[in-house]
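Just so we're aligned: 1079 in my numbering is position 254 of the sequence shown, and the numbers increase by one with no gaps anywhere.
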Amino acid sequence: MHRELPAASILAALLVLIPTPWHWRAGNVATLAMIVWLFAVNVIYAVDSLIWSHTVAKVALVWCDISTKILIGANIALPAACMCVCIHLEQVASVRQALTTYAQKKRRQMMELVLCYLVPVIWMGLHYIVQGHRFDIIEEFGCRPSIYVSIPAIFLMWVPSLIMSFVALMFAAMAFMHFMRRRITFAKHLENSNSGLNTSRYMRLMLLALFEMFASAAAVSATLGFSVVWDMRPWTNWADVHWDFGRIDTYPTPFLPPFIYRFYYACWWIAPVSAYIFCAFFAFGQEAVTEYKAAAMWVWRNVFRQKPKPTKGFKLQVSAGGFVPMPPSP
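Below, the structure is given as structure tokens:
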């Protein structure tokens, strides 16, 4: 039994929420989607690792029905969010658009809402096409989606995620090229673009999107390769694929081959580590520290009923973070 699993996922779920306030105020739909989906996946991992820590009992069946669909949605939502971030960063860095207008920002937000939320919901429904039975229960890891590994499943469940990851990488490369071409004047270009980004935030978003993209692509590729090698089956007909659909397969740890157990264990850590990295990129920046100071000041004034002592030469600046610029220093 790995007692660290629930603790690691609970910590990851809490940490990934830290940057939420300033991304919410800034209207960063794609980065908020990363927060939402990483939070959901880590909560599911925490609950599953607690319930099935040393058992494969068929309990919490409705929870499994819901959580397995959310896990399916997250497999497309996170690459979609990374793709949206990289596309936006490329547009900001290019010279095609000198200024971001309010209408353009709204259109971008609507498109990101569709890609990061509506498309994953549709994908959850499409999963039924290649869902061979209700779900699987793996000891220590909990309930996992069932996929009838076949040619249709490859193109429906895995290829779209890989395509989005490739598109994200392509736009990230173009954004980096824009940055290198005018790296001397890049800060001024960002300021004039009305995007609310400075060079530090731009690079943090770029590195975050690349990390999440590579993590997602690695997980999808590993799962695809593993499934094709060990579980590939021919697609015969609908009735055959969905025969005994209500079946729940269970996999006790002692009966799992060691390499399969290690594979599940390694893949499990991708979501918590992604949440830790997300927090590291946004929880320790200048805007985050300013937010912490503002929150501490609010508690000092409203909870302890104390008046803050004025500090000569210091002016507290509250930033929405993300794509919203900090007020200029006097």
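We put the beta carbon where it would ideally sit given N, CA and C, even for glycine.
Asked                                                                                                    : Found
Inter-residue Cα distance where the pair is residue 879 and residue 993                                  : 39 Å
Spatial distance of residue 1147 from residue 1026 (CA atoms)                                            : At residue 1147, the pLDDT of 36 sits below 50, so the modelled position is not reliable; the number obtained from the coordinates is stated separately. Between residue 1147 and residue 1026, the C-alpha separation is close to 7 Å.
Distance, residue 938 Cα to residue 946 Cα                                                               : 11 Å
Three-state class that DSSP yields for residue 960 in the structure shown                                : strand
Same chain only: Cβ atoms within 7 Å of residue 835, ignoring 5 sequence neighbours per side             : 871
CA nearest to the CA of residue 962, picked from 1060, 929, 875                                          : 875
Proximity test, Cβ basis, 7 Å: residue 1036 and chain B                                                  : Here there is only one protein chain, and chain B is not present.
Distance, residue 1079 Cα to residue 891 Cα                                                              : 27 Å
Buried versus exposed, by CB contacts within 10 Å (16 or more), residue 829                              : exposed
Between the CA atoms of residue 1122 and residue 1132 - distance to the nearest angstrom                 : 9 Å
Reduced DSSP secondary structure (H/G/I, E/B, other) of residue 1073                                     : strand
Residue environment, residue 929, which counts as buried when at least 16 other CB atoms sit within 10 Å : exposed
Sub-7 Å separation of residue 905 and residue 1000 beta-carbons                                          : no
Range of the contiguous alpha helix (DSSP H) that encloses residue 933                                   : 927–938
Identity of the residue in 911, 951, 838 nearest residue 1028 by Cα                                      : 911
Straight-line gap, residue 1075 to residue 964 (C-alpha atoms, nearest Å)                                : 8 Å
Any 3 or more C-beta pairs closer than 8 Å across the stretch 1048–1059 and the stretch 975–992          : yes
As assigned by DSSP and simplified to three states, the class of residue 850                             : helix
Pair within 7 Å by beta-carbon distance, residue 970 and residue 955                                     : no
Cutoff 6 Å; reference residue 838; Cβ partners in own chain excluding five residues on either side       : 864, 867, 868
Proximal residues to residue 1130 (C-beta, below 7 Å), its chain only, five neighbours per side dropped  : none
Contact check, residue 1035 vs residue 998, beta carbons under 7 Å                                       : no
Per-residue DSSP class, three states only, for residue 1126                                              : helix
Cross-strand partners of residue 969 (DSSP beta bridge)                                                  : 961
For residue 879, the three-state DSSP class (helix, strand or coil)                                      : coil
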